[in-house]
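First comes the structure, then the notes that go with it.
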Amino acid sequence: MDKMTKVEIIMNPEKFEDLKEAMNGIGITGMTVTNALGCGLQKGHKEYYRGVEVEINLKQKLKVEIVVCEVPVDRVIETALRILQTGSIGDGKIFTYEVVDAVRIRTGERGPEAIKDPK
Amino acid sequence: MDKMTKVEIIMNPEKFEDLKEAMNGIGITGMTVTNALGCGLQKGHKEYYRGVEVEINLKQKLKVEIVVCEVPVDRVIETALRILQTGSIGDGKIFTYEVVDAVRIRTGERGPEAIKDPK
Amino acid sequence: MDKMTKVEIIMNPEKFEDLKEAMNGIGITGMTVTNALGCGLQKGHKEYYRGVEVEINLKQKLKVEIVVCEVPVDRVIETALRILQTGSIGDGKIFTYEVVDAVRIRTGERGPEAIKDPK
Ligand SMILES: Nc1ncnc2c1ncn2[C@@H]1O[C@H](COP(=O)(O)OP(=O)(O)OP(=O)(O)O)[C@@H](O)[C@H]1O
Ligand SMILES: Nc1ncnc2c1ncn2[C@@H]1O[C@H](COP(=O)(O)OP(=O)(O)OP(=O)(O)O)[C@@H](O)[C@H]1O
Ligand SMILES: Nc1ncnc2c1ncn2[C@@H]1O[C@H](COP(=O)(O)OP(=O)(O)OP(=O)(O)O)[C@@H](O)[C@H]1O
Ligand SMILES: [Mg+2]
Ligand SMILES: [Mg+2]
Ligand SMILES: [Mg+2]
């Protein structure tokens, strides 16, 4: 199967080392990490915006992007859940997107070859 | 309708509080914010690159990402325009992308359920 | 052709000025740049994770995002390869994605018009 998918994980920074090792354990060989501010609506606090009770927090998050082809998307998601799921509000989100093409700049390889582990 | 879409807004940082409140007002409950440098070609200044008159500026921008399903994409775009449109050069850009899947890490919920406001 | 594509280039920061000028030279008039940490599996060092030899490094990278319509994606990729390819491990990666819609906030223009050079 030659479909390439980007898995984007929005997570709490303190779990990053564990996530990285777990991803490596399932054969992930590259990822891109960005600092982000996560903005979620936190219910249960008493704040009001135009009469509606809300509180919007900005929390430090990491955005981890992993483009996969050979490693199944569901295996990446299960691995992220295993490491990141605590059952508490704010554990994070995962989004997936279709990748049209990939290029390994060093070699010029295109498509799935570009994201396979280079020999 | 179960289609999920990512709306990516590249904007001037000073308007962020207004944008956040307006998005909350239309039912948006989560967003991810990243610092970025925007690079636009500014015409009208006298600078030359290989004989072509250009000036490329790097300006501090915010990238705001909002994945929606129930809230219509057009409502998000209209809301962003209402807050961000001043008519001046550099007001920003919006791009939209299809989201294949979403996961709420706390519960393991997948698809549109994962981005609906948790009860 | 009215298809819009995002080209995402993960690259070493020191080449950014050259890349920017080269992209300008092929008619690119906007891009968005983010600091990122690149995580690649570097073979050849002796480290072990659960019995498997690995070393995962986090390296400072830039993520450069360019949404194109008129300028062909392949021209952007060839230009990036020309500037960034040294043949050394870690030269970077390029990923492309379909863009569903674009909006120029200043004018409200939608679709390909929104990313064409404003007159
Ligand atoms: N709709 C969304 N669009 C973009 N980013 C989002 C969205 N929802 C959440 N996020 C990002 O994911 C981060 C983590 O979200 P969070 O775990 O709080 O999700 P949640 O749906 O509120 O789940 P929970 O009920 O467990 O808190 C947020 O801080 C934000 O960065
Ligand atoms: N083609 C593009 N690809 C990726 N990002 C872009 C592109 N065009 C603009 N951007 C991002 O959007 C930001 C804002 O762009 P800007 O508002 O200047 O757009 P514009 O089309 O030049 O409109 P205006 O004529 O109003 O200046 C830029 O700083 C850059 O971060
Ligand atoms: N599968 C991937 N998903 C997301 N980002 C990736 C992936 N692979 C690489 N990257 C990003 O690209 C950057 C550069 O990768 P790199 O050039 O080392 O690729 P590579 O395939 O290991 O090629 P090389 O063999 O030349 O090192 C990484 O630091 C990371 O940010
Ligand atoms: Mg939450
Ligand atoms: Mg501009
Ligand atoms: Mg590498």
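Chains as they are written, first to last, in numbering that gives the first Met the number 0: chain G, 0 to 118; chain R, 0 to 118; chain C, 0 to 118.
Ideal Cβ positions, reconstructed from N, Cα and C, are used throughout, including at glycine.
query: Is it the case that the CB of I88/G approaches a heavy atom of ligand 4 more closely than 7 Å?
result: Here residue 88/G refers to the residue found at position 89 when the first sequence is read from its first residue. I88/G: yes, Cβ under 7 Å from ligand 4.
message: Taking the alpha carbon of M3/G as the reference point, which residue from E13/G, C38/G, V72/G and M30/G has its own alpha carbon closest?
response: The residue you call residue 3/G lines up with position 4 of the first sequence. Cα-wise, what sits closest to M3/G is V72/G.
- request: Using a Cβ cut-off of 8 Å, pull out every chain R residue sitting near K115/G, in sequence order please.
  value: Working through the first sequence from its first residue, we reach residue 115/G at position 116. The contacting residues do not exist; K115/G stays about 21 Å from chain R at best.
Contact test: T31/G Cβ vs ligand 3 heavy atom, cutoff 7 Å: Here residue 31/G corresponds to residue number 32 of the first sequence, with the count starting at 1. It does: the Cβ of T31/G is within 7 Å (strictly closer) of some heavy atom of ligand 3.
query: So, is G37/C buried or exposed, given that buried needs 16 or more other C-beta atoms within 10 angstroms?
result: The count along the third sequence starts at 1 and reaches residue 37/C at position 38. Buried: at least 16 other Cβ atoms inside 10 Å.
- request: Output the distance between the C-alpha atoms of A113/C and G24/G, rounded to the nearest integer angstrom.
  value: Looking up residue 113/C in the third sequence gives position 114. Looking up residue 24/G in the first sequence gives position 25. Answer to the nearest angstrom: the Cα atoms are 43 Å apart.
message: Please report the straight-line C-alpha distance between K115/C and V63/R, rounded to a whole angstrom.
response: In the third sequence, residue 115/C corresponds to position 116, counting from 1. In the second sequence, residue 63/R corresponds to position 64, counting from 1. Using only the alpha carbons, I get a separation of about 22 Å.
message: Between which two residues does the alpha helix (DSSP H) holding T95/G run?
response: Position 96 of the first sequence, counted from the start, is the residue given in the question as residue 95/G. From DSSP, T95/G is part of no alpha helix (DSSP H) but of the beta strand (DSSP E) over K92 to V98.
message: ligand 5 and G107/C: does the residue's C-beta get closer than 7 Å to at least one heavy atom of that ligand?
response: Taking the first residue of the third sequence as position 1, residue 107/C is located at position 108. No.
G107/G versus K58/C: straight-line alpha-carbon distance, rounded: Your numbering for residue 107/G matches position 108 in the first sequence. Your numbering for residue 58/C matches position 59 in the third sequence. C-alpha separation (whole angstroms): 21 Å.
query: Touching or not, the region 88 to 104 of chain G and the region 9 to 27 of chain R, by the rule of three or more beta carbon pairs under 8 Å?
result: no
message: My output table needs one value for I27/C: the three-state DSSP class, helix, strand or coil.
response: As a first step, residue 27/C must be located in the third sequence, where it is residue number 28. Note: I27/C maps to coil in three-state DSSP.
Assigned exposure category for N11/G - 16 Cβ within 10 Å defines buried: In the first sequence, counting from the first residue as 1, residue 11/G sits at position 12. Buried, since its Cβ has 16 or more Cβ neighbours within 10 Å.
task: Give me whichever residues DSSP pairs with R109/C in a beta bridge.
output: Taking the third sequence and counting its residues from 1, one reaches residue 109/C at position 110. Partner(s): V102/C.
Contact with chain R by V72/C, beta-carbon distance below 8 Å: The residue labelled residue 72/C in the question sits at position 73 within the third sequence. Not one chain R Cβ lies under 8 Å of V72/C.
Boundaries of the alpha helix (DSSP H) in which V75/G is found, first to last residue: Looking up residue 75/G in the first sequence gives position 76. Looking at the DSSP string, the run of the alpha helix (DSSP H) that includes V75/G is V72 to L83.
- request: Tell me, please, which residues DSSP counts as bridged to M10/R.
  value: Reading the second sequence from its first residue, position 11 is the one you call residue 10/R. DSSP lists L61/R as partners of M10/R.
query: Quick one: is V98/C buried, meaning 16 or more other Cβ sit within 10 Å of its Cβ, or exposed?
result: Start at 1 with the first residue of the third sequence, and residue 98/C comes out as number 99. That one is buried.
message: Following a CB-centred definition, is G39/R positioned closer than 7 Å to any heavy atom of ligand 5?
response: Sequence index remark: in the second sequence, residue 39/R carries index 40 (1-based). Indeed, a heavy atom of ligand 5 lies less than 7 Å from the Cβ.
query: So, using beta-carbon positions, are V6/R and I93/G closer together than 8 Å?
result: The residue you call residue 6/R lines up with position 7 of the second sequence. The residue you call residue 93/G lines up with position 94 of the first sequence. Not a contact, by the Cβ cut-off of 8 Å.
Chain-ordered neighbours of M30/C on chain R, where CB pairs are closer than 7 Å: On the third sequence, residue 30/C is found 31 positions in, with the first residue counted as 1. Those are C38, listed as they occur along chain R.
- prompt: Would G78/C be called buried (16 or more neighbouring beta carbons within 10 Å of its own) or exposed?
  reply: As a first step, residue 78/C must be located in the third sequence, where it is residue number 79. Just to set this straight, residue 78/C is Thr in the shown sequence, not Gly. So T78/C counts as buried.
message: By alpha-carbon positions, which one of L61/G, D100/G, V75/G and G39/G ends up nearest to I27/G?
response: Looking up residue 27/G in the first sequence gives position 28. Closest option to I27/G, Cα to Cα, is V75/G.
query: Is there at least one Cβ from chain C nearer than 8 Å to V67/G's Cβ?
result: Within the first sequence, numbered from 1, the residue matching residue 67/G stands at position 68. Not an interface residue.
query: In chain G, what lies closer than 7 Å to G91/C by C-beta?
result: The count along the third sequence starts at 1 and reaches residue 91/C at position 92. In chain order: I104.
message: Given this structure, state the Cα-to-Cα distance separating Y96/C from T85/G, to the nearest angstrom.
response: Here residue 96/C refers to the residue found at position 97 of the third sequence. Here residue 85/G refers to the residue found at position 86 of the first sequence. C-alpha separation (whole angstroms): 32 Å.
field: Proximal chain R residues relative to T85/C, where beta-carbon distance stays under 8 Å
entry: Locating residue 85/C in the third sequence gives position 86, counting from the first residue. What T85/C touches in chain R: nothing, since even the nearest Cβ is about 23 Å away.
- request: Look at the alpha carbon of G43/R and the alpha carbon of A21/R, and state the distance between them as a whole number of angstroms.
  value: For this step, residue 43/R is matched to residue 44 along the second sequence. For this step, residue 21/R is matched to residue 22 along the second sequence. Because the pLDDT at G43/R is just 40, under 50, the model does not fix this residue reliably, and the value given afterwards should be weighed accordingly. Cα to Cα, the separation comes out at about 34 Å.
field: Contacts around I8/R, its chain only, beta-carbon distance under 7 Å, and the 5 residues preceding and following it disregarded
entry: Indexing the second sequence from 1 puts residue 8/R at position 9. Cβ neighbours of I8/R beyond the five flanking positions: V63, A79, G91 and I93.
- prompt: Among T33/C, R81/C, V66/C and V70/C, which has the Cα closest to the Cα of D100/C?
  reply: Locating residue 100/C in the third sequence gives position 101, counting from the first residue. Per the Cα distances, V66/C.
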